[in-house]
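For the sequence shown, our numbering assigns the number 432 to the initial residue and increments by one for each residue that follows.
All C-beta atoms, glycine included, are put in the ideal place defined by N, C-alpha and C.
A quick write-up on the structure given underneath.
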Amino acid sequence: MVTRGPPSYRAREAPLAAATLAEAEEKKDAAQTGVAPIPDEVQVGGSPLYVVERKLGKGGFGQVYLGRRTPPSKDPELTGVNQVALKLEHRSSKGCNYGPPYEWSVYGALGDVEGVPKVHFKGRQGDYYIMVMDMLGPSLWDLWNGQGQAMSQEMVACIALEAIAILERLHEKGYVHGDVKPENFLMGLAGTPVEKKLFLVDLGLATRWRGSVCGTHVEYDQRPDVFRGTVRYASVHAHLGRTASRRDDLESLAYTLLFLLRGRLPWQGYQGENKGFMVCRKKMSTSPEALSRYAPAPFRVFTETVINLRFDEVPQYAALMALFEPLCGPSGPSRPVLPPTRVGSKRSREEGSCDGAGGERGGGERASPAPALVPGRRVRLGMPATQWVTVYNAHRPMKQRYHYNVADNRVRQHIDKGVEDGLAISTVACCQDLWALIMDAGGGFIAQVYELNPVFLPKDWIMERWEEGYYITTMAGSVGGSSLVVMSKGTAYTQQSYKVSDSFPFKWINKKWKEGFFVTAMASAGSRWAVVMSRNAGFVDQVVELDFQYSSEGIHRRWDAGYRITAAAATCDQAAFVLSVPKRRPVDETQETLRTSAFPSSHVKEKWAKNLYISGVAYGRTVS
């Protein structure tokens, strides 16, 4: 899990003796660890000579120091760079594995962006990569903390107005910041013309949402083992490992604004190895209404709007800014944070050419009325619910049978009857402690065995069946921890492996993918997961969609990319879907899913009439 701390390029007065002592201790530590000490003087990339003074802050990969030009410039145009922020990253740090820090390339691509500190010089000196940057003032965290951990509505509304404008400018350049939080927003340096302006710092986690070559939106993906950002403020999509896009910066900004306004977020206080999981679950189960309770309406509307944005949706920046304008008080220099220079101005040609779906604001260089927000479909209701999820595949007409609400002592009776009629078990599921059985004649199995066991999963029984040439083809677990495992002969599998885990085992899945295995079955029991992976599964590629609800957008994007659901399972907290690309594509690739509160017995015959047959079924969390 990556969490980035703020570099905080801010000017802070510290007692000279204390600063000197800290520097001495730091140099002593550097000598003991073999790391070169921070240089006393810096001159890089054709810059003037700067004396390195006190430490201003520390980021995820770098450290920031006050640099003072020597001798100072007497040119009134250059006096602003007599005092600068020096960001140093050691060549052995994570961010410098392949040369200069990644952040350098981002600043280079951005150029001058209002609200992003200017880089005056950069280069390598000894063992350090160094950027010479604008000196800034206190962070929003410092201001909040210094004001008794509270901020006025007017102040936070002004911050919102300027922050949205900064993010819009950054997004117009094709980048998302990736770590929006109070520590990464700094005010301008006191006593300068920009002291009431807001700046966004630390681009170490910035990524492209738009390709640099063709200018199209980056492709959607999900890697549940990858997290980028800060747990408290990260978007739910960042927690779940989804490709970053513009919506993520705005969701993090919503959490930042509410933190500054209320002083606390509902998910603070979680600790332990599963902190990220607990925080994400709480975010998903907290509605915008609950999150913004007692806050002015614009904060609720903003939060509700941004958390419901689609992956590639163009945010309505002007309308979002217009929400906060009435709360900012009289316009002019009396505002605590000065507004953007061109609120409501037309976007650049670059943005218009890369987003085809209308993303421009009218009005030329003058402000124009902001368009009204267009509400999207709400995906987080704050009312968690569990449902049946049934997957249907197109298939030539065949005989299929289903049973549900089956108690343990009735399982054998139903299976024996199906076998007698020439059917085999194709998929099983469980709701509470009652089983659902799907049997049909489409599996091509030549033999089948099953085990109803109080253990999740019965290791010894499975290993014995493996020795006999059987492979797991479907399985399910109950809330009480029992399991129903079905193993078959007649599959193409040549080797199998499974894992039972208290959390979804994506890292293990990723490891097995590299070894030529693919997920062929999944199950859950209570909050535990079981995943089966097989060699020679007949797939060429596979992805996972994991969420605290039914991942509608992700599944539809995967369908559009040619994937089809081949395994599904859900706990009381999460739903997981494995989607695959087969080596041999079926003639009819139609696939549908259906979510119902009760087992969908009333819908199955309608699907059969369309030659759609149940290929998977699961019961668990589908709504947040």
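Taking DSSP's pairing of strands, which residues face residue i in a bridge?
i: A907; result: L915
i: E472; result: V482
i: E976; result: F1008
i: C645; result: Paired residue(s): none; C645 is not in a bridge.
i: R499; result: V482 and Q514
i: K489; result: Q494
i: S955; result: W960
i: Q578; result: None, per the DSSP bridge assignment.
i: V1054; result: A816
Starting from the Cα of residue i, find the closest Cα among the options and give me that residue.
i: I869; options: S583, A669 and V1035; result: V1035
i: H602; options: G672, G546 and W819; result: G546
i: A923; options: W960, G874 and A1040; result: G874
i: P613; options: T623, C759, Y606 and L629; result: L629
i: V607; options: P746, E735, L517 and L696; result: P746
i: T1024; options: V1012, Y1050, R1015 and L636; result: Y1050
i: D679; options: V931, Q926, L636 and K848; result: L636
i: V975; options: L1010, W990 and D1004; result: L1010
i: A749; options: K553, E599 and V842; result: E599
i: C861; options: G908, C759 and G707; result: G908
i: A1000; options: V820, Q556, A675 and S857; result: V820
i: A872; options: L854, P889 and L865; result: L854
i: A1006; options: P889, W575 and I986; result: I986
Roughly how many angstroms separate the alpha carbons of residue i and residue j, rounded to a whole number?
i: A798; j: G763; result: Legend: pLDDT at A798 = 44, less than 50; position of this residue unreliable, value from coordinates given subsequently. Going from the Cα of A798 to the Cα of G763 covers about 15 angstroms.
i: L804; j: E585; result: 22 angstroms
i: A838; j: T1002; result: 20 angstroms
i: S784; j: S934; result: Unreliable placement is indicated for S784, whose pLDDT of 37 sits below 50; the coordinate value is still reported in the next sentence. Going from the Cα of S784 to the Cα of S934 covers about 43 angstroms.
i: Y1044; j: K830; result: 9 angstroms
i: E796; j: A596; result: Note that E796 scores a pLDDT of 38, beneath 50, so its modelled location is shaky and nothing firm can be said.
i: L754; j: V810; result: 22 angstroms
i: R792; j: W939; result: Annotation note: pLDDT 36 at R792 (below 50); position unreliable, coordinate value reported separately. Approximately 47 angstroms, taken between the alpha carbons.
i: Y559; j: V495; result: 12 angstroms
i: T951; j: M894; result: 17 angstroms
i: K549; j: A594; result: 17 angstroms
i: W960; j: L977; result: 12 angstroms
i: T1053; j: D656; result: 21 angstroms
i: H551; j: S666; result: 32 angstroms
i: G790; j: D743; result: Legend: pLDDT at G790 = 38, less than 50; position of this residue unreliable, value from coordinates given subsequently. Rounded to whole angstroms, G790 to D743 spans 12 angstroms at the Cα level.
i: G900; j: K920; result: 7 angstroms
i: W1039; j: F1008; result: 23 angstroms
i: N836; j: F1030; result: 9 angstroms
i: E704; j: P502; result: 51 angstroms
i: V611; j: R677; result: 12 angstroms
i: L517; j: F733; result: 36 angstroms
i: S716; j: S913; result: 28 angstroms
i: V850; j: W640; result: 53 angstroms
i: S723; j: M906; result: 42 angstroms
i: N513; j: P479; result: 9 angstroms
i: V774; j: G760; result: Here V774 scores only 43 on pLDDT, less than 50, and its place in the model should not be relied on; the value that follows carries that caveat. About 16 angstroms.
i: R731; j: P815; result: 20 angstroms
i: Y481; j: P468; result: 16 angstroms
i: S765; j: L751; result: 22 angstroms
i: G794; j: P770; result: Confidence is the limiting factor: at G794 the pLDDT is only 36, short of 50, which leaves the residue's position unreliable, though a coordinate-based value still follows. Those two C-alpha atoms are separated by around 18 angstroms.
i: L634; j: A726; result: 30 angstroms
Starting from residue i, trace the alpha helix (DSSP H) both ways and give me its first and last residue.
i: Q584; result: Q584 to E603
i: G1084; result: Past the boundaries of the shown model lies residue 1084; the chain is included only from 432 to 1055, so the question cannot be answered.
i: T674; result: Unbroken run through T674: none, as it is neither H nor E.
i: R841; result: D839 to E851
i: G707; result: K706 to S716
i: D422; result: Shown here, the chain extends from 432 to 1055; a query on residue 422 therefore has no answer.
i: F937; result: F937 to K945
i: A1029; result: Taken as a continuous stretch (DSSP letters only), A1029 belongs to no alpha helix (DSSP H), as it is neither H nor E.
i: E984; result: S983 to D991
Between which two residues does the beta strand (DSSP E) holding residue i run?
i: K518; result: Q514 to H521
i: L631; result: L629 to L631
i: Q927; result: Q926 to S932
i: D506; result: No beta strand (DSSP E) contains D506, which DSSP labels as neither H nor E.
i: T821; result: A816 to A825
i: W866; result: L865 to D871
i: V893; result: Going by the sequence as given, residue 893 is Ile instead of Val. Not the beta strand (DSSP E): I893 falls in the alpha helix (DSSP H), residues K890 to E898.
i: F733; result: Where F733 is concerned, there is no enclosing beta strand (DSSP E), although the alpha helix (DSSP H) it sits in stretches over A728 to I738.
For my contact list, residue i and residue j are in at a C-beta cut-off of 8 angstroms; report their separation, rounded to the angstrom.
i: G609; j: G660; result: 6 angstroms
i: L915; j: V859; result: 5 angstroms
i: K1014; j: G969; result: 5 angstroms
i: V842; j: F887; result: In fact, because the Cβ distance is near 16 angstroms, the residues do not count as touching under 8 angstroms.
i: L688; j: L696; result: In fact, because the Cβ distance is near 11 angstroms, the residues do not count as touching under 8 angstroms.
i: V632; j: E682; result: That pair is no contact at about 19 angstroms.
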